[in-house]
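A quick write-up on the structure given underneath.
Residue numbers (the numbering used here): 352 to 631.
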């Protein structure tokens, strides 16, 4: 039985936020003026099976293929190995797209190629992109669509290439650490046997904000506080930016130094308490 929450926990402010819908160019211009505000980033998680598990499964299937003398078993294991290698790449692609809200520029069922092209523009030449379609995606496509089992060599190259690509992508730009707040909403958290308590005390004078709001729409904006609990936020939906301006916005956010990484659950509560999850 949980204990009763203490009555002396610090209350959150009662924010008053005025929303001003502006153009993406206005948001970009305002975001540039924020300078070197420290960023409180959000930590997200892979959807479904994580990349490490999928890579491990691919390697396990490859080992089974290499150590069987039964041709039928070998074909089955090489087929599974390239499927898991491709899934690992797809998984990390989705993490980047969700992290930066770039998925708003793709359809409901985007192709692997459309994700690849968008992420090439986002991450640049720090990743060995040519390996992906040639030695990871094509063997898997042949296995699935042509019903042709990959050779042992094709499966081995696909699995090893997937491991190299994932390592390069994580090293270049971590897929599970994303933008949320530049500046600060002063406050904190406390916990005990009774549970977990988050509170927010004030806005910083200027802040940037990048978030998927309560209605499911991702937005970006810049806030100016006129008092501890009063702020005006100029914002635009990320869908309005178009791909190129969205990428430009992400490059600006990349320049904000990181002060901390916080769980997405904690930030969701903090942003809600600050009155910044429902533009109206």
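Where a beta carbon is used, it is the ideal one built from N, C-alpha and C, also for glycine.
message: Let me make sure I understand the geometry here. Which of 446, 605, 629, 615 has the alpha-carbon closest to that of residue 390?
response: For the purposes of this step, residue 390 is identified with residue 39 of the chain shown, where counting begins at 1. Nearest of 446, 605, 629, 615 to residue 390, Cα basis: 605.
- request: Determine, using beta-carbon pairs with one atom in the segment 619-628 and one in the segment 549-557, whether at least three such pairs fall under 8 angstroms.
  value: In the pairwise beta carbon analysis, the segment 619-628 is classified as touching the segment 549-557: at least three pairs are separated by under 8 angstroms.
query: Counting pairs of beta carbons, one from the segment 402-412 and one from the segment 372-383, are three or more of them closer than 8 angstroms?
result: They do not touch, by the three-pair rule.
- prompt: What residue from 482, 529, 574 has the CA that sits closest to residue 608's CA?
  reply: For the purposes of this step, residue 608 is identified with residue 257 of the chain shown, where counting begins at 1. Ranking 482, 529, 574 by Cα distance to residue 608 puts 529 first.
- request: Give a yes or no on whether the C-beta atoms belonging to residue 596 and residue 472 are separated by under 9 angstroms.
  value: Residue numbering aside, residue 596 sits at position 245 when the chain shown is read from its first letter. Residue numbering aside, residue 472 sits at position 121 when the chain shown is read from its first letter. Not closer than 9 angstroms, so no.
For residue 341, three-class secondary structure by DSSP: Outside the displayed range of the chain (352 to 631) lies residue 341, so it cannot be described from this structure.
- prompt: Of the residues 625, 449, 437, which one's Cα is nearest the Cα of residue 365?
  reply: Sequence index remark: in the chain shown, residue 365 carries index 14 (1-based). Comparing C-alpha distances from residue 365 to each of 625, 449, 437 shows the shortest one belongs to 625.
message: Using the three-state DSSP reduction, which class does residue 586 fall into: helix, strand or coil?
response: Residue 586 sits at position 235 when you count from the first residue of the chain shown. Strand at residue 586.
message: Do residue 559 and residue 533 count as a contact pair if the criterion is CB distance below 9 angstroms?
response: For the purposes of this step, residue 533 is taken as residue 182 along the chain shown, with counting starting at 1. For the purposes of this step, residue 559 is taken as residue 208 along the chain shown, with counting starting at 1. For residue 533 and residue 559, yes; Cβs fall inside 9 angstroms.
query: Does the beta-carbon of residue 352 have 16 or more other beta-carbons within 10 angstroms, so that it is buried, or is it exposed?
result: Counting from one through the chain shown, the residue named residue 352 turns up at place 1. For residue 352, the pLDDT reaches just 44, beneath the cut-off of 50, and the residue's location in the model is therefore unreliable, although a value from the coordinates is still provided. Residue 352 is exposed by the Cβ-count criterion.
Residues near residue 386 in its chain [Cβ-Cβ closer than 6 angstroms; skip 5 each side]: As a position in the chain shown, residue 386 is number 35, starting the count at 1. Cβ neighbours of residue 386 within its own chain (closer than 6 angstroms, five residues either side excluded): none.
field: Short Cβ contact (9 angstroms threshold) for residue 587 with residue 570
entry: Along the chain shown, read from residue 1 onward, the residue named residue 587 stands at position 236. Along the chain shown, read from residue 1 onward, the residue named residue 570 stands at position 219. In contact: residue 587 and residue 570 (Cβ atoms closer than 9 angstroms).
- prompt: What did DSSP end up calling residue 505 once you bin it into helix, strand or coil?
  reply: Reading the chain shown from its first residue, position 154 is the one you call residue 505. Of the three classes helix, strand and coil, the one that applies to residue 505 here is helix, per DSSP.
query: For the segment 568-618, which segments carrying the beta strand (DSSP E) assignment without a break, of at least 3 residues, lie completely within its bounds, in sequence order?
result: Runs of beta strand (DSSP E) with 3 or more residues, each lying fully within the segment 568-618, are found at 569-578, 581-588, 609-614, listed in chain order.
- prompt: By Cβ distance below 6 angstroms, which residues in the same chain neighbour residue 576 in space, the five residues on each side in sequence not counted?
  reply: To locate residue 576, count along the chain shown from 1; it is residue 225. Contacts found: 554, 556, 582.
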